[in-house]
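A.B. asks: Chains as they are written, first to last, in my numbering: chain G, 9 to 695; chain A, 47 to 209; chain W, 1494 to 1613.
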Amino acid sequence: MIAISDKSIHEPMLDIFIFETLKQIEQLEQLVICNEKSSCYTQNSINEIFRIMHTIKGSAAMMLFDNISALSHTIEDLFFFLREEKPKDIDCSGLSDLVLEGIDFIKIEIDKIKNGHESDGNSEDLSKKIRNFLSVLKNCENPLAISESEKQKQDMRTQYYISQDKNAAVSGKNVYKAILHFDEGCEMENIRAYSVIHNLRGIVKELQYIPENIMANDECVEVIRRDGFVIFMKTDLSYEEIEELLQQTVFLKELLLTRLDNAEAQEKFLIDKRIVLEKQETLTPKLQKEEAVVSSGQQQSLISVNVNKLDKLMDLVGEMVIAEAMVVQNPDLGGLELHNFQKAARQLEKITSELQDMVMSIRMLPISATFHKMHRIVRDMCKKLNKEVQLELIGEETEVDKNIIEHISDPLMHLIRNSIDHGIEASEERLEKGKPQSGTITLTAQNAGSDVLITIKDDGKGLNRERILGRANEHGLLSKPESEMHDKEVYSMIFLPGFSTKDNISEFSGRGVGMDVVVKNIEMVGGSVSVESTPGSSTTVTLKIPLTLAIIDGMNIKVGKSMYTIPTISIKESFRANERELIKDPNGNEMIMVRGQCYPILRLHERFKVETDIVNIHEGIIVMVENEEDSICIFADELVGEQQVVVKTLPAYIRNIRKIKGLAGCTLLGDGSISLILDIAGLADQQ
Amino acid sequence: MAENEMQELWEEEDTQKDKYLTFSLGTEFYGIEIKYVTEIVGMQPITEVPELPEYIRGIINLRGKIIPVMDVRLRFKKPAREYNDRTCIIVVDIRDISIGLIIDSVSEVLSIPEGDIVSPPEINKGHNNKYIKNIGKVGNDVKLILDCDKLLSDDVIDDLSNV
Amino acid sequence: MKRVLIVDDAAFMRASIKLMLERNGFEVVGEAENGLKGIECYKELKPDVVTMDITMPELGGIEALKTIREYDPEAKIIMVSAMGQEPMVMDAVVSGAKSFIVKPFKEKLVVQTLNKVLGL
């Protein structure tokens, strides 16, 4: 039978399929890891795993992903056996490994599908392994256990039927022979045939049919497909009545109904044939009892929303903010006393602000899902490297913009792999050092102003300054004499591209491909990475990520013909200075004293090579901005004004060329011109 | 040719195959496959972006969408020319990346059947030839058909080291 | 337009069936994700026909079928099964299911079944 791909259902259903299947896979993974930890599989878990695999099998088959469907089927069978037979002494670890392998296969295939590629993975080997596992279980189990099909055979009775009507003497004056052919592809023709019989019962006096063993599944189905389902019946009903009855059969392709004459009829219903009443109950399934599987997971009032709609909503709100500014700050209104207008404008601003907050919060998701994924990574690494590591999660309810979450997952995975591979020592070594046998990795997420801080801390052996410096030297990466470098500077060298000390190269962390890719990923969402370490006891990597890329309060400044926007939250103060207040440091860098503190001056026109007439300090304005610990003073032509801006990323083409340090993105001002948004951390960094 | 006329021309034709938008840079005529072109706009105020190769002049605001613009003259290492009211920006979309190409003036949309397309000559291996995919013959003239892919991707790394 | 209630624990399946039916002139008046909710919805919405998955949490399709048939002996319920569930489908047929479709199914078959069962 050739399956013709029903393309028209494929496309619209693909997103739902991917979404739901991924959700279920994650659920499944957590179940497996939990059960493995407690070293046994609870009945509930077995039920749930069975159900999940059954569902995935079905949906994957509908979407024509047979590799996924077939694999799910074998796992379903395995868990069906576990559910029904409840064998003792299962090799839990082996079982978990198998299921996790299955999960990985499906994840990879779904990824291919998500990216528009073909799902061409072959699950046959894995399915074979699973089937072997199952047959080992079956052999160990009660060898007297009767297999399914045997049970069915036992319950089979013959296929003759006599109505309960005690008037057996009146044996129906008409005898008909019906041959039914079912439509191609309707499946389970034997059951459909049974269905016809079931409907005839109570209406006709006697019945015989071929093939006789309805429940013999495959062979019987083949016979019906090939030769049709043959029924002989004895009844008082007329030809037309029987025909009408049979025509109601669903998926009936063809019906051949003939009335038999007396001679043939006699032959068919000879009384000396042994007739046994069919017991209906035998066909009630004892095998696949439906259990009320308790659904796990809290039922909250949730709906799933297409992400595109959310993005569109965000864009609209952004445009509304701009439009609102254009109304409220309209040049036409300049100088007018508009008391009522101002009141109404303030109300509008208030509502717009609330709407903004609400829309942004819709896109915020707790980072817990991403954090929980790490359990699997820890488990796999520990198993492979024979180390013991506990994963602690703190602050998983912290919320981050949906777009950003997608960019955090890979870096986190890499950092954790790194920690376990290079940071955490083997158990014996730890004990020798007086550390607890099991290492601990602590993942924390917390809000810090307009950013989210995510830290990955391990209590391993920390970073080795000498080794890092040595390696940096080898690669010619040192720009300063070693003695002048603070520990923090040395440690952050591990983020340079191509950097990796020899023992860093392993199957998991990769050949120096790792850390700089982590940094790139984080910088792509406008964040930054830093690392601290206490040699011998710990290493902490901190990811600082903006809460949302969306809308910020900004101060617009002008340099020549260019406009820039500084996030208001970074501004400490602004003032006019004059040349007398300037100091030059030994390297010739300009500095200024403010209330006893010294701050470096950053001339934007020099940094960004912009033409401007304002080059003398007293002609322009200084804006003091802070970035974590440091503060710098930005020199610009003038302050233009404060407003809310919608952050837009620089076009992909430009981002692909390079990450321009000091620019976080751009925005459209009320008059349609573009302002570049400054990234204070990036500007301060090159000091 | 005015923008509107250009749009109408596109809408008239059913298929975009074998159609090229031609434009001029100095004395040479170039062509771009129509399928890459999303629109043509007149010169707009450009916001400069630092630390980029010289031929990337900056970004413009196209009805709310921010698009980078490349001066094709500079890309082809020709002498720069001041922009006037004939200067146009051709907005192209390749593999989901949008970019505006600043050119001297737009010519017309031409149909150049496959038979009239030939490979570029190997002889003048000038710097620009790597951006030319092939040559289209139109009557007695030739139009240099651009390889948009290369235009967008090639050489950027090298150029960056000169920044 | 004939009114349909879809009962299945997989959102994907519910969406697939809904898409197929709505494209063929049926009105999907309700969806339920398990047998219990399916029974509630049936009582509330009184659809013309129900598509009922067999394997569901809380309460399975066979049980729900039986309960609905008790409540309304005229109820037209079509079971949605997977291969290998023959005994359960038998049970369903015996308990009054009008017909059944087997996953994975094509749109044509679903529509055909509903039409036949509804006498269209």
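Even for Gly, the Cβ is constructed at its ideal location relative to N, Cα and C.
Keep in mind it's a predicted model, so treat the numbers as computed, not measured.
#1: What's the gap between the Cα of Cys641 of chain G and the Cα of Leu671 of chain G?
#2: Nearest-angstrom Cα distance between Cys42 of chain G and Thr50 of chain G?
#3: So, at 8 Å on beta carbons, what are the nonlocal neighbours of Phe75 of chain A in its own chain, with the 5 sequence-adjacent residues on each side left out?
#4: Just by C-beta distance, which residues in the segment 80 to 101 of chain A are closer than 7 Å to chain G?
#5: Is it a yes or a no for the segment 1495 to 1509 of chain W touching the segment 56 to 74 of chain G, going by three-plus beta-carbon pairs under 8 Å?
#6: Name the DSSP beta bridge partners of His189 of chain G, please?
#7: Examine the Cβ distances between the segment 1567 to 1583 of chain W and the segment 1532 to 1543 of chain W and report whether three or more of them are shorter than 8 Å.
#8: If you measure from the beta carbon of Lys496 of chain G to each beta carbon in chain A, is any gap under 7 Å?
#9: Once the 5 residues before and after Ile1547 of chain W are set aside, which same chain residues still bring their CB inside 8 Å of it?
#10: Just to check my reading of the structure: Thr547 of chain G and Val537 of chain G have Cβ atoms closer than 8 Å, yes? What is that Cβ distance to the nearest angstrom?
#11: CA-CA distance, Ile412 of chain G and Glu531 of chain G?
#12: Anything in chain C within Cβ reach of Asn107 of chain A, meaning under 8 Å, just list it in chain order.
#13: Please report the straight-line C-alpha distance between Ser77 of chain G and Arg233 of chain G, rounded to a whole angstrom.
#14: Against chain G, which members of the segment 1573 to 1589 of chain W pass a CB distance test of less than 8 Å?
#15: In chain order, what residues of the same chain lie with their CB nearer than 7 Å to the CB of Val40 of chain G, ignoring the 5 residues before and after it?
#16: What do you reckon, are the CB atoms on Lys410 of chain G and Leu373 of chain G nearer than 7 Å?
#17: Can the beta-carbon of Glu79 of chain A be found closer than 7 Å to that of Tyr66 of chain A?
#18: Across which residues does DSSP place Gln605 of chain G in a beta bridge pair?
#19: Under 9 Å, CB to CB, which of the residues in the segment 639 to 666 of chain G have a partner in chain A?
#20: Would you please verify whether the beta carbon of Thr1544 of chain W is less than 7 Å from any beta carbon of chain G?
#21: Would a C-beta distance cut-off of 7 Å place Thr675 of chain G and Val653 of chain G closer than the cut-off?
#22: Is Arg584 of chain G buried or exposed, if buried means 16 or more other CB atoms sit within 10 Å of its CB?
#23: What's the C-alpha gap between Lys121 of chain G and Glu433 of chain G?
#24: Using a Cβ cut-off of 7 Å, which residues of the segment 554 to 580 of chain G contact any Cβ in chain A, in chain order?
#25: Ile7 of chain G to Ala456 of chain G, Cα distance in whole Å?
#26: When we look at the beta-carbon of Gln172 of chain G and count the other beta-carbons within 10 Å, is it buried (16 or more) or exposed?
#27: Under a CB-based cut-off of 7 Å, is Lys320 of chain G close to chain A?
#28: Between Thr82 of chain G and chain W, is there a C-beta pair that is closer than 7 Å?
#29: Name the chain G residues whose beta carbon is nearer than 8 Å to that of Val1595 of chain W?
#30: Cβ atoms of Val1603 of chain W and Met1513 of chain W: under 7 Å apart, would you say?
#31: Just to confirm before moving on: does the CB-CB distance between Ile1561 of chain W and Tyr1535 of chain W stay below 7 Å?
#32: What is the residue span of the beta strand (DSSP E) that Cys641 of chain G lies within?
#33: Might you give, ordered along the chain, the residues of its own chain that have their beta carbon closer than 7 Å to the beta carbon of Ile102 of chain A, omitting 5 neighbours on each side?
#34: Please list, in chain order, the chain G residues whose beta carbon lies closer than 9 Å to that of Ser144 of chain A.
#35: For Cys674 of chain G, list the residues DSSP reports as bridge partners.
#36: Candidates G:Val655, G:Lys669, G:Gln651, G:Lys580: which alpha carbon is nearest Leu612 of chain G's?
C.D. replies: Walking through what the data contain:
#1: Translated into the one-based positions of the first sequence, residue 641 of chain G becomes position 633. Translated into the one-based positions of the first sequence, residue 671 of chain G becomes position 663. The straight-line gap from Cα to Cα measures roughly 16 Å.
#2: As a position in the first sequence, residue 42 of chain G is number 34, starting the count at 1. As a position in the first sequence, residue 50 of chain G is number 42, starting the count at 1. Rounded to whole angstroms, the gap between the alpha carbons of Cys42 of chain G and Thr50 of chain G is 10 Å.
#3: As a first step, residue 75 of chain A is located in the second sequence; it is residue number 29 there, counting from the start. Cβ neighbours of Phe75 of chain A beyond the five flanking positions: Thr68, Phe69, Ser153, Asp187, Val188, Lys189, Leu190.
#4: Pro91, Thr93, Glu94, Val95, Pro96, Glu97, Leu98
#5: yes
#6: Position 181 of the first sequence, counted from the start, is the residue given in the question as residue 189 of chain G. Its beta-bridge partners are G:Glu262.
#7: yes
#8: The residue labelled residue 496 of chain G in the question sits at position 488 within the first sequence. No - not a single Cβ of chain A is within 7 Å of the one on Lys496 of chain G.
#9: Here residue 1547 of chain W is taken as the residue at index 54 of the third sequence, counted from 1. So the qualifying residues of the chain are Gly1553, Gly1554, Ile1555, Met1572, Val1573, Ser1574, Ala1575, Gln1578, Met1581, Val1582, Ala1585.
#10: Here the question's residue 547 of chain G lines up with position 539 in the first sequence. Here the question's residue 537 of chain G lines up with position 529 in the first sequence. Incorrect: roughly 13 Å between the Cβ atoms, too far for contact.
#11: Here residue 412 of chain G refers to the residue found at position 404 of the first sequence. Here residue 531 of chain G refers to the residue found at position 523 of the first sequence. Between Ile412 of chain G and Glu531 of chain G, the C-alpha separation is close to 11 Å.
#12: The structure shown contains no chain C; its protein chains are G, A and W.
#13: Along the first sequence, read from residue 1 onward, the residue named residue 77 of chain G stands at position 69. Along the first sequence, read from residue 1 onward, the residue named residue 233 of chain G stands at position 225. C-alpha separation (whole angstroms): 25 Å.
#14: Ser1574, Ala1575, Met1576, Gln1578, Glu1579, Pro1580, Met1581, Val1582, Met1583, Asp1584, Val1586, Val1587
#15: Residue 40 of chain G sits at position 32 when you count from the first residue of the first sequence. The answer, listed in chain order, is Ser104, Val107, Leu108.
#16: Within the first sequence, numbered from 1, the residue matching residue 410 of chain G stands at position 402. Within the first sequence, numbered from 1, the residue matching residue 373 of chain G stands at position 365. Going by C-beta atoms, Lys410 of chain G is nearer than 7 Å to Leu373 of chain G.
#17: To locate residue 79 of chain A, count along the second sequence from 1; it is residue 33. To locate residue 66 of chain A, count along the second sequence from 1; it is residue 20. For Glu79 of chain A and Tyr66 of chain A, yes; Cβs fall inside 7 Å.
#18: Residue numbering aside, residue 605 of chain G sits at position 597 when the first sequence is read from its first letter. DSSP, once it has assigned bridges, lists G:Val602 as partnering Gln605 of chain G.
#19: Flagged, chain order: Lys656, Thr657, Leu658, Pro659, Ala660, Tyr661, Ile662, Asn664, Ile665, Arg666.
#20: Along the third sequence, read from residue 1 onward, the residue named residue 1544 of chain W stands at position 51. Answer no: the Cβ-Cβ gap between Thr1544 of chain W and chain G never drops below 7 Å.
#21: As a working mapping, residue 675 of chain G is identified with position 667 in the first sequence. As a working mapping, residue 653 of chain G is identified with position 645 in the first sequence. With a cutoff of 7 Å on beta-carbon distance, Thr675 of chain G and Val653 of chain G are scored as near each other.
#22: Within the first sequence, residue 584 of chain G is the residue found at index 576, counting from 1. Flag for Arg584 of chain G reads exposed.
#23: Your numbering for residue 121 of chain G matches position 113 in the first sequence. Your numbering for residue 433 of chain G matches position 425 in the first sequence. A small correction: the amino acid at residue 121 of chain G is Ile; Lys does not occupy that position in the sequence shown. C-alpha separation (whole angstroms): 39 Å.
#24: Ser570
#25: Residue 7 of chain G falls outside the range modelled here, since chain G spans only 9 to 695, and no answer is possible.
#26: The sequence position of residue 172 of chain G within the first sequence is 164, counting from 1. Model confidence at Gln172 of chain G stands at a pLDDT of 49, short of 50, so the residue's coordinates are unreliable and nothing is read from them.
#27: As a first step, residue 320 of chain G is located in the first sequence; it is residue number 312 there, counting from the start. Not one chain A Cβ lies under 7 Å of Lys320 of chain G.
#28: Counting from one through the first sequence, the residue named residue 82 of chain G turns up at place 74. Closer than 7 Å: no.
#29: Taking the first residue of the third sequence as 1, we reach residue 1595 of chain W at position 102. In chain order: Cys194, Glu195, Met196.
#30: As a working note, residue 1513 of chain W is residue 20 in the third sequence. As a working note, residue 1603 of chain W is residue 110 in the third sequence. Contact flag set, yes.
#31: Here residue 1561 of chain W corresponds to residue number 68 of the third sequence, with the count starting at 1. Here residue 1535 of chain W corresponds to residue number 42 of the third sequence, with the count starting at 1. It is a contact, given that the beta carbons lie within the stated cut-off.
#32: Against the first sequence, residue 641 of chain G aligns to sequence position 633. That run of the beta strand (DSSP E) goes 638 to 644.
#33: Sequence index remark: in the second sequence, residue 102 of chain A carries index 56 (1-based). Same-chain partners within the cutoff: Pro114, Met116.
#34: The residue you call residue 144 of chain A lines up with position 98 of the second sequence. Those are Pro659, Ala660, Tyr661, listed as they occur along chain G.
#35: Walking along the first sequence from the start, residue 674 of chain G turns up at place 666. DSSP, once it has assigned bridges, lists G:Lys656, G:Leu684 as partnering Cys674 of chain G.
#36: Along the first sequence, one-based indexing puts residue 612 of chain G at 604. The option with the nearest alpha carbon to Leu612 of chain G is G:Lys669.
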